[in-house]
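Novice: Pasting in a structure now, in structure tokens, and then I'll have a few things to ask.
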Amino acid sequence: MEAVDLAAAEDPFDDAEKGPERTCVVTRRKAAPDEMIRFVVGPEGEVVPDVRQKLPGRGVWVTASAARVSEAVRKQAFARGFKKKVVVSPTLADEVEALLTRDCLQFLAIANKAGQVIAGFGKVEEAIAGGAIEGVIHACDGGGDGARKLAQCLRRRFGDENVRPLIELFRSDQLDLALGRSNVVHAALLTGSASVAALVRCRRLALYRAQSPDSRQTLGEERGQEGCDETEAD
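Numbering that gives the first Met the number 0 numbers the first residue of the sequence shown as 0 and each following residue consecutively.
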């Protein structure tokens, strides 16, 4: 049976680009959609972030970087991209970060419900030894000793070439809510499709928060590359 590209068959977008890459309206650089933020125009002419890339209508894309979104606002790039007057919030970059954070936590909750998240230093250590993990999560406001020990476990198990990503994007209270547990400091994403989906979202949030918008590193492998953010994710 011939494979059908459902995304293409049911594409509600009116975007100019239909290939595997999109062009940033600020830099004109092309990148995969997972490394971009899509925006559409709302019913009142306002620019709306489409972090899940599902909203209908013409889309304008910006590199997943708070600095680039701020630049797009400052340079009126959205009006140019949409080819008409639009209303742009001056706090758009912060709004995007809040949405990306919430999206990540929701996907972590989905992975948890699918049985693909475990929490607790001992359980994470065992999961690393078993090898079937996609990544390790540390609360960004947690103690550093446990994280350093788990980083050593990762390198012993996988080596420097195949070390799994470390995710230090969320406070402990945010992880508590997402995972339905108390005092979460260390957790791991076990192998599975829900974990992969969550990791993709976390990678984009890490890109968005990176200080250098031209740095295309994904998730840091060393503690401290991604700091705590005070954005609340309800």
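For every residue, glycine included, the Cβ atom is placed at its ideal position computed from N, Cα and C.
Between which two residues does the alpha helix (DSSP H) harbouring Phe120 extend?
Specialist: From DSSP, the alpha helix (DSSP H) with Phe120 extends over Phe120 to Gly129.
Novice: Just the Cα atoms here: how many angstroms apart are Val135 and Asp49?
Specialist: C-alpha separation (whole angstroms): 27 Å.
Novice: Taking buried to mean at least 16 other C-beta atoms within 10 Å of its own C-beta, is Glu96 buried or exposed?
Specialist: Classification for Glu96: buried.
Novice: What do you get for Gly18, buried or exposed, if any count of 16 or more other CB atoms within 10 angstroms of its CB means buried?
Specialist: Flag for Gly18 reads exposed.
Novice: Given a cut-off of 8 Å, decide if Arg203 and Ala63 are closer than it, judged by their beta-carbon atoms.
Specialist: A contact, by the Cβ cut-off of 8 Å.
Novice: Mind checking who Val48 pairs with in its DSSP beta bridge?
Specialist: Just to set this straight, residue 48 is Pro in the shown sequence, not Val. Pro48 is bridged to Phe38.
Novice: What's the C-alpha gap between Thr90 and Phe77?
Specialist: One C-alpha to the other measures close to 14 Å.
Novice: Within 10 angstroms of the Cβ of Gly158, are there 16 or more other Cβ atoms? Answer buried if so, exposed if not.
Specialist: Label assigned to Gly158: exposed.
Novice: Assuming Ala186 and Ala118 make a contact with CB atoms under 8 Å, what is their CB distance in whole Å?
Specialist: That pair is a contact at about 4 Å.
Novice: Quick check: what's the CA-CA separation for Thr22 versus Glu34?
Specialist: Straight-line Cα distance between these residues: approximately 11 Å.
Novice: If I measure Cβ to Cβ from Leu54 and keep anything under 6 Å in the same chain, skipping five residues before and after, which residues do I get?
Specialist: So the list reads Val39, once near-sequence residues are dropped.
Novice: Since Ser194 contacts Gln115 with CB under 8 Å, what's their CB separation in whole angstroms?
Specialist: With a Cβ gap of about 4 Å, Ser194 and Gln115 count as contacting.
Novice: My understanding is that Val86 touches Glu125, with C-beta atoms under 8 Å, so please give their C-beta distance in whole angstroms.
Specialist: Contact doesn't hold; Cβ gap of about 52 Å is too wide.
Novice: Alpha carbons only, please: which of Lys29, Thr190 and Glu94 is nearest the one belonging to Ala110?
Specialist: Of Lys29, Thr190 and Glu94, the residue nearest in Cα terms is Thr190.
Novice: Are the beta-carbon atoms of Trp60 and Arg28 separated by less than 8 Å?
Specialist: Cβ distance not < 8 Å, so Trp60 and Arg28 don't count as in contact.
Novice: Name the DSSP bridge partner or partners of Ala30?
Specialist: DSSP output for Ala30 lists Arg21 as bridge partner(s).
Novice: Pick helix, strand or coil for Glu133, following the three-state DSSP scheme.
Specialist: Strand, per DSSP.
Novice: For Ala197, tell me which candidate among Ala108, Arg155 and Val46 has the shortest Cα-Cα distance.
Specialist: Of the candidates Ala108, Arg155 and Val46, the one whose C-alpha sits nearest the C-alpha of Ala197 is Ala108.
Novice: Output the boundary residues of the beta strand (DSSP E) element that contains Thr62.
Specialist: It spans Val59 to Thr62 - the beta strand (DSSP E) in which Thr62 sits, taken as one unbroken run.
Novice: Mind checking whether Val68 and Ala138 have CB atoms under 8 Å apart?
Specialist: For Val68 and Ala138, no; Cβs fall outside 8 Å.
Novice: Among Arg163, Ala66, Gly143 and Ala131, which one has its Cα closest to the Cα of Leu206?
Specialist: Residue Ala66 is the option with its Cα nearest to Leu206.
Novice: May I ask you to report which of helix, strand or coil DSSP gives Ala197?
Specialist: If DSSP states are grouped into helix, strand and coil, Ala197 belongs with the helices.
Novice: In three-state terms, what does DSSP make of Ala186?
Specialist: If DSSP states are grouped into helix, strand and coil, Ala186 belongs with the strands.
Novice: Excluding the five sequence neighbours on either side, which residues of its own chain have a C-beta within less than 7 Å of the C-beta of Ile132, listed in chain order?
Specialist: Taken in chain order, the residues that qualify are Ala126, Arg163, Ala187, Leu188, Leu189 and Thr190.
Novice: Tell me whether the beta-carbon of Gly141 lies closer than 8 Å to the beta-carbon of Ser171.
Specialist: It is a contact, given that the beta carbons lie within the stated cut-off.
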